[in-house]
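All remarks here apply to the structure that follows.
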Amino acid sequence: MVDACRIRAESQPDEIAWTFLRDGVEVAAELTYGELDRRARALAVTLSGLAPTGERALLHLPQGLDFFVGFFGCLYAGIVAVPASTADAATASAAAQRGSAIMRGATPRLVLTTSALAGGPQLAGLTAGALRPTVVTVDELDSTAASRWQLPPIGATTLAYLQYSSGSTGSPKGIAIRHGNLLHNMRAIDRLCAFRPETVVPTWLPLFHDMGLVSTLSVTLVGGSRIQLMSPMAFIKHPYHWLRQVDAADAGIVAPNFAFELCRRRITDRQLSTLDMSRLRLALVGAERVRAETLRGFAERFAVRGFRSESFVPCYGLAEYTLMVTGGPPARPIRTARFDLAALNRGIARTPADGEDSVELVGNGRPTDDTRVVIVERGSSRRCAPGEVGEILVAGPSMADGYFDDPARTAQSFGLPVDGIDGTFLRTGDLGVSIDGELFVTGRVKDLIIVDGANHHPADVEATAEAAHPRIRAGYCAAVAVDDGRRERVVILLEVDAAARRSDGVADEVATRVTQAVSARHGIPVAEVMVLRPGSLPFTTSGKIRRDECRRGYLDGELTLYRVLDASPAPAESST
């Protein structure tokens with residue numbers, strides 16, 4: 001990775017690689033390859049005097065260009081970078097808990113931050129424990145120190161950084177990513193996307209997440225393209241500012257499904273009339289289940305401004321494989337397939353007969369370079385037959401070695417054998433099926449709702465619930481199975497918009513419609529629908545619903561504090 005950065009710095013020292021847009025609009029700062037190299041060398045000299053190679057440094061750096069200085073300063077020093085969140089006030093409590101967990105797991109000897117954050121309460125909380133790490137401000141460096149930098153003994157197998165998982169199914173885990181893992185995945189992304197020197201990629205993705213970090217580095221260091229960076233909060237407040245940036249000669253965007261849904265719903269007709277999306281060649285979508293209705297709805301809304309549905313490139317990946325596992329190919333119609341819902345719940349992907357309930361899934365492409373994907377029976381090493389749903393296992397040069405200093409959890413997920421295949425694989429925890437070489441993801445193993453022996457994927461149930469009433473907030477619904485000590489019951493937790501809270505009886509109506517819709521479509525007796533105020537449900541820092549935490553919050557009674565008072569009727573007894 002150091003060589004990749006230095007090659008760009010030597011060949012294109014004055015080329016602007018990253019631009020940061022304040023509030024998604026105003027150019028606040030720019031960073032060239034040459035400046036990044038100089039600042040990274042200067043920081044590396046400082047870090048080398050404070051800790052030996054192989055030690056960890058927590059990156060307590062805001063969304064911005066200093067993050068890249070901190071990240072590469074670590075790599076230049078042979079220090080293991082540990083990206084972490086610097087939360088806003090709305091998520092400060094969750095970020096503090098996550099930050100404390102990362103500090104305990106990574107045991108960093110250093111913390112890199114900015115002068116603006118150095119005296120803040122969040123940093124004080126992180127450094128108050130027994131570790132007492134040394135704090136380094138990356139924006140107050142002696143630039144002349146760069147000339148004293150010496151390349152440490154690093155190579156493809158050297159540990160580069162710890163990518164802490166979002167924790168959607170448990171506490172965050174420190175995924176150990178080596179230089180070779182990162183380079184392989186960056187190059188695979190570039191080969192899929194064919195970035196060009198004139199390509200501009202506007203992004204708001206958090207840099208401490210795998211999707212934001214790896215895609216951004218691929219665009220610049222491998223593709224030689226330019227990043228227009230904005231904060232996640234700027235995007236959430238004004239998604240229009242994100243799409244305004246795609247009028248370059250060649251443009252691409254990378255985002256989860258919810259971002260396209262947000263743009264489709266929030267961008268006004270007046271804003272729409274000012275957009276030019278005719279040069280948007282690539283729109284990579286992944287990180288969560290890709291919904292066909294979202295992609296179609298986005299394409300229909302923005303077609304008038306030149307958007308082509310062939311620009312969509314659905315992908316699948318996970319941090320344990322650095323980022324991308326499957327994707328593409330670009331410039332083709334979105335591939336979807338309808339499966340019989342009842343059969344899919346039994347683990348069989350087959351085309352529905354006329355009149356049968358079905359679910360539409362989006363194909364997530366084929367494996368990237370040198371990546372192997374196999375589908376196995378859950379809990380075994382037996383490969384699934386064609387059309388049989390099973391757990392997705394992956395292997396290849398992007399695969400991490402395991403979780404940092406956590407051999408027990410590493411053994412659970414890494415090094416799995418598969419009958420009849422050489423080598424070992426990574427257990428993804430995701431369920432899917434391969435159709436003609438294309439991967440279709442159906443859900444997660446830990447989130448399955450099992451009723452009368454049939455597996456129901458929460459995302460399918462949640463989609464049905466959301467469609468039952470217009471006042472339900474899109475993406476703010478969790479279907480979970482809870483055990484009250486006597487039996488397992490299905491509970492649906494959802495948020496309604498502000499207008500619903502002001503309407504008498506709407507919450508009762510929402511609960512009734514959701515119960516009826518889920519029962520009719522999935523054959524599941526819903527024990528309770530809890531209608532909640534906006535901001536009640538817990539999400540990971542990457543925008544994924546925390547179903548485990550939803551379940552705990554329901555059982556502990558914590559979510560009742562956020563309940564809309566005229567909500568669902570008394571819990572119904574299950575008919576089973």
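First residue of the sequence shown? That's 1 in the UniProt record's numbering, and the numbers climb one at a time after it.
All C-beta atoms, glycine included, are put in the ideal place defined by N, C-alpha and C.
For clarity, every value in this text was computed on a predicted model and none was experimentally measured.
Under 8 Å, with one C-beta from each stretch per pair, do the stretch 308–316 and the stretch 349–364 reach the 3-pair mark?
yes
Residues bridged to M324 by DSSP?
Within the sequence shown, residue 324 is the residue found at index 324, counting from 1. Beta-bridge pairing links M324 to G317.
Could you check whether L36 and A9 sit closer than 8 Å to each other, using their CB atoms as the reference points?
Along the sequence shown, one-based indexing puts residue 9 at 9. Along the sequence shown, one-based indexing puts residue 36 at 36. Yes, Cβ-Cβ distance for A9 and L36 is below 8 Å.
A459 to M399 span [Cα, whole Å]:
The count along the sequence shown starts at 1 and reaches residue 459 at position 459. The count along the sequence shown starts at 1 and reaches residue 399 at position 399. When rounded, the distance between both Cα atoms is 27 Å.
Assuming R226 is part of the beta strand (DSSP E), what are its boundary residues?
Mapped onto the sequence shown, residue 226 falls at position 226. Run containing R226: R226 to L229, per the beta strand (DSSP E) assignment.
Should R104 be labelled buried (16 or more other beta-carbon atoms within 10 Å of its own) or exposed?
Along the sequence shown, read from residue 1 onward, the residue named residue 104 stands at position 104. Result: exposed.
Just to confirm my understanding: we take R513, look at its own chain, exclude 5 residues before and 5 after, and list those with CB closer than 6 Å. What are they?
One-based indexing of the sequence shown puts residue 513 at position 513. Here the set comprises A468 and H469.
Starting from the N-terminal side, write out each stretch of the alpha helix (DSSP H) that is 4 residues or longer and does not extend beyond the UniProt domain "AMP-binding enzyme C-terminal" (447–561).
458–467, 498–501, 506–522 and 547–555
Report the rounded CA-to-CA distance for D247 versus L272, giving the unit in angstroms.
By one-based count along the sequence shown, residue 247 stands at place 247. By one-based count along the sequence shown, residue 272 stands at place 272. Cα-Cα distance, rounded: 13 Å.
Integer-rounded CB distance, given that V285 should sit under 8 Å from P256:
Counting from one through the sequence shown, the residue named residue 256 turns up at place 256. Counting from one through the sequence shown, the residue named residue 285 turns up at place 285. About 7 Å; that satisfies the 8 Å criterion.
Which complete beta strand (DSSP E) runs does the stretch 63–133 hold, if anything under 3 residues is left out?
80–83 and 110–113
How is the alpha helix (DSSP H) around R301 delimited, first residue to last?
As a first step, residue 301 must be located in the sequence shown, where it is residue number 301. R301 -> alpha helix (DSSP H) spans A292 to F302.
Using a 10 Å radius around the Cβ and a threshold of 16 neighbouring Cβ atoms, would you call S168 buried or exposed?
Along the sequence shown, one-based indexing puts residue 168 at 168. For S168, the predicted structure reports a pLDDT of 47, less than 50, and the residue's modelled location is therefore unreliable. The matter cannot be settled from this model.
Given T107, which residues of its chain have a CB within under 7 Å of its CB, disregarding the five upstream and five downstream residues?
The sequence position of residue 107 within the sequence shown is 107, counting from 1. Closer than 7 Å at Cβ, skipping near neighbours: R56 and L131.
Provide the residue span of the alpha helix (DSSP H) that contains T410, from first to last.
Translated into the one-based positions of the sequence shown, residue 410 becomes position 410. Looking at the DSSP string, the run of the alpha helix (DSSP H) that includes T410 is P407 to S413.
Compute the Euclidean distance between the alpha carbons of W204 and R372, then round it to the nearest angstrom.
The residue you call residue 204 lines up with position 204 of the sequence shown. The residue you call residue 372 lines up with position 372 of the sequence shown. The straight-line gap from Cα to Cα measures roughly 30 Å.
Sequence-distant residues of the same chain with beta carbon closer than 8 Å to S381, five excluded per side:
The count along the sequence shown starts at 1 and reaches residue 381 at position 381. Same-chain partners within the cutoff: L416, P417, V418 and D419.
Taking the Cβ atom as the reference point for each residue, do V138 and L61 lie within a distance shorter than 8 Å?
Counting from 1 along the sequence shown, the entry for residue 138 is found at position 138. Counting from 1 along the sequence shown, the entry for residue 61 is found at position 61. Closer than 8 Å, so yes.
Secondary structure of S11, DSSP reduced to three states:
Position 11 of the sequence shown holds residue 11. In the structure shown, S11 sits in a helix (DSSP, three-state: H, G or I).
Quick check on DSSP: helix, strand or coil for D210?
In the sequence shown, residue 210 corresponds to position 210, counting from 1. Note: D210 maps to helix in three-state DSSP.
Is it right to say L151 is buried, meaning 16 or more other beta carbons lie within 10 angstroms of its own, or is it exposed?
Translated into the one-based positions of the sequence shown, residue 151 becomes position 151. L151 should be labelled exposed.
Going by C-alpha distance, which of A40, L192, R266 and R378 is nearest G327?
One-based indexing of the sequence shown puts residue 327 at position 327. Minimum Cα distance to G327 is reached at L192.
Looking only at its chain, what residues have a beta carbon closer than 6 Å to the beta carbon of L183, apart from the 5 residues adjacent to it on each side?
As a working mapping, residue 183 is identified with position 183 in the sequence shown. Answer for L183: no residue qualifies.
State whether the stretch 392–407 contacts the stretch 294–312, with contact taken as three or more CB pairs (one from each stretch) at a distance under 8 Å.
no
So L43 and M211 are supposed to be a Cβ contact under 8 Å. How far apart are they, rounded?
For the purposes of this step, residue 43 is taken as residue 43 along the sequence shown, with counting starting at 1. For the purposes of this step, residue 211 is taken as residue 211 along the sequence shown, with counting starting at 1. At roughly 25 Å, the Cβ-Cβ gap does not stay under 8 Å, so L43 and M211 are not in contact.
Taking the straight line between their C-alpha atoms, what separation do you get for D369 and V325?
Reading the sequence shown from its first residue, position 369 is the one you call residue 369. Reading the sequence shown from its first residue, position 325 is the one you call residue 325. Cα-Cα distance, rounded: 9 Å.
If you draw a straight line from the C-alpha of G432 to the C-alpha of L344, how long is it?
Within the sequence shown, the letter at position 432 stands for residue 432. Within the sequence shown, the letter at position 344 stands for residue 344. For G432 and L344, the distance between alpha carbons rounds to 10 Å.
Answer yes if the stretch 11–21 comes into contact with the stretch 217–230, meaning at least three C-beta pairs across the two stretches below 8 Å, and no otherwise.
yes
For L31, list the residues DSSP reports as bridge partners.
Position 31 of the sequence shown, counted from the start, is the residue given in the question as residue 31. Its beta-bridge partners are W18.
Return helix, strand or coil for residue 577, following the three-state DSSP convention.
No answer is possible for residue 577: the residues shown for the chain start at 1 and end at 576.
Taking C-alpha atoms, which residue in L318, Y76 and A84 lies nearest to residue 577?
Look at the range of the chain in this structure, 1 to 576, and you will see that residue 577 is not part of it.
If we ignore side chains and look at the alpha-carbon of each, how far apart do H457 and A507 end up?
For the purposes of this step, residue 457 is taken as residue 457 along the sequence shown, with counting starting at 1. For the purposes of this step, residue 507 is taken as residue 507 along the sequence shown, with counting starting at 1. Approximately 25 Å, taken between the alpha carbons.
Which residues mark the beginning and the end of the alpha helix (DSSP H) in which F235 is found?
Sequence index remark: in the sequence shown, residue 235 carries index 235 (1-based). Its alpha helix (DSSP H) spans residues P232 to K237.
Identify, in the order they occur along the chain, each residue of the same chain with its Cβ nearer than 6 Å to the Cβ of Y164, setting aside the five sequence neighbours on each side.
Walking along the sequence shown from the start, residue 164 turns up at place 164. I102, P172 and G174, listed in sequence order.
My understanding is that I449 touches V389, with C-beta atoms under 8 Å, so please give their C-beta distance in whole angstroms.
Walking along the sequence shown from the start, residue 449 turns up at place 449. Walking along the sequence shown from the start, residue 389 turns up at place 389. Their Cβ separation, rounded to whole angstroms, is 15 Å, which puts I449 and V389 out of contact at 8 Å.
When you compare the CB positions of D190 and S218, do they come within less than 8 Å of one another, or not?
Taking the first residue of the sequence shown as 1, we reach residue 190 at position 190. Taking the first residue of the sequence shown as 1, we reach residue 218 at position 218. Going by C-beta atoms, D190 is nearer than 8 Å to S218.
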